[in-house]
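Numbering (my numbering), first residue to last: 903 to 1070.
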Amino acid sequence: MSESNITRKLNPKEKLTIQLAKSYYGGKSPIQLIYIPKADKEFIIAFKSDPNLDRTCEISILDGPEHIGNPASFIRYEIRDYGMHIGYFKTQYEYQGLGIGKFIYQLAQAHADKLGLKFSNGLICPIGDIKGITSSEPGNLQREYKFLTLMYHALGNNIVEKKDIPRD
903 MSESNITRKL NPKEKLTIQL AKSYYGGKSP IQLIYIPKAD KEFIIAFKSD
953 PNLDRTCEIS ILDGPEHIGN PASFIRYEIR DYGMHIGYFK TQYEYQGLGI
1003 GKFIYQLAQA HADKLGLKFS NGLICPIGDI KGITSSEPGN LQREYKFLTL
1053 MYHALGNNIV EKKDIPRD
C-alpha cells in the first residue's frame, strides 16, 4: 500500500483528527491520510504555510487528536530567495525509528526541489531524548555527532570515514 491509494472510509478517530487539524492548521491547508511503509501504519499529514512570515512552511504528522498542536513529528522551514532554511525538526521519542521523520524531511526537500532551490541550511540538533543516544547532556559533541550520523543513515546515506578514503 502506498500513500496515494488509501481509499477506505475514515474511522471516527481519523475523522476527528482531520476536523481538528483543519481548524488548527487552517481550512485551506492540505490534510490527508497517508501510509508510511516502515511504520506499517497510517498517519494524518498536514501542511501549513504562511506567506507573511518569510514563507514559513510546516509539515506535521498526526497520530490522533491528541497530536493537534503537539505532532508526532514535524518540520518547520522557510523558503528564502537563496534557498531553504530548516528551522525546527522533531520526532517524539515513541515515534522515532518508524520512518516518519525521514518521510516529512523528504517532503520538505521535494518542496525545495519543486521550487528549484539549490541550497538548504539550518541546524538539526538533538532535542530531548533520542533513541540510540545515551547522553542527555546538552552541547555534548559526541551526542550531536551520533545524532547526525543516525539521521544521515536514516536518510539512506553512508558515511565514509576519512581513513577509508583512497589516497592518490
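Note that the Cβ used here is the ideal one computed from N, Cα and C, for glycine as well.
With distance defined between alpha-carbon atoms, name the residue in GLY1024, GLY999 and ASN1023 nearest to ILE938. GLY999
The stretch 1011–1026 contacting the stretch 972–987, beta-carbon criterion three pairs below 8 Å: yes
Looking only at its chain, what residues have a beta carbon closer than 8 Å to the beta carbon of ARG957, apart from the 5 residues adjacent to it on each side? SER951, GLU980, ILE981 and ARG982
How would you write the range of the alpha helix (DSSP H) that SER925 sits in, first residue to last? 914–927
Where ALA1012 falls, given that 16 or more other Cβ within 10 Å makes a residue buried: exposed
Pick out whichever of LYS924, LYS1016 and GLY1018 has its Cα sitting closest to the Cα of GLN934. LYS924
Hey, ILE946 and ILE961: beta-carbon distance below 8 Å or not? no
Residue environment, ASP965, which counts as buried when at least 16 other CB atoms sit within 10 Å: buried
Identify every run of the beta strand (DSSP E) within the stretch 978–1022, keeping only runs that are complete inside it and at least 3 residues long; order them along the chain. 985–993
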